[in-house]
Every structure is written in C-alpha cells, then in structure tokens.
C-alpha cells in the first residue's frame, strides 16, 4: 500500500519541484499575480507533499541516518 502511494506522490513531488524552480526563474516574465499564485500556492502544496513523502519513507530514513554507531570492543 505504501509503495503504491509513493508511486503517485513521487512524480507529483517532482513536478512541484520543477514548478518551483521555473517560477523562481521566470517570475519576471509572467504577470505578478500568476507568478505569485503559482509560486506561493505551489510552495505550500510542495511542502505538504514533501512531508507526506518523508512520513511514508520514515523507516528508511531512520535505518540509514539514525542508526547507532557500531561499538568497538577492545
């Protein structure tokens, strides 16, 4: 179930990341209101989807970043 959800969330997260980059680069070429809605609104959605991504991958994160250092016996 978790992997099925991640197969949906990960591409959405990628599209939202690209949206943020493009809006940051092209904000002068678009009308102010459109740029504001796309960048700020997209940023909020990006943060929510990124949080879901971290929650769904928390076990992997714990296993790879928060594992205890091996004890050296002397």
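Numbering (the working numbering), first residue to last: 1 to 74. Where a beta carbon is used, it is the ideal one built from N, C-alpha and C, also for glycine. What you are looking at is a predicted structure, and each value in this text was computed from that prediction instead of being measured.
{"Asked": "Coarse secondary structure for residue 7, derived from DSSP in three states", "Found": "helix"}
{"Asked": "Buried or exposed (CB count within 10 angstroms, at least 16 for buried), residue 49", "Found": "buried"}
{"Asked": "For residue 39, three-class secondary structure by DSSP", "Found": "helix"}
{"Asked": "Same chain, Cβ closer than 7 Å to residue 23, five either side skipped, listed in chain order", "Found": "35, 38, 39 and 42"}
{"Asked": "Three-way DSSP call (helix, strand, coil) for residue 64 in this model", "Found": "helix"}
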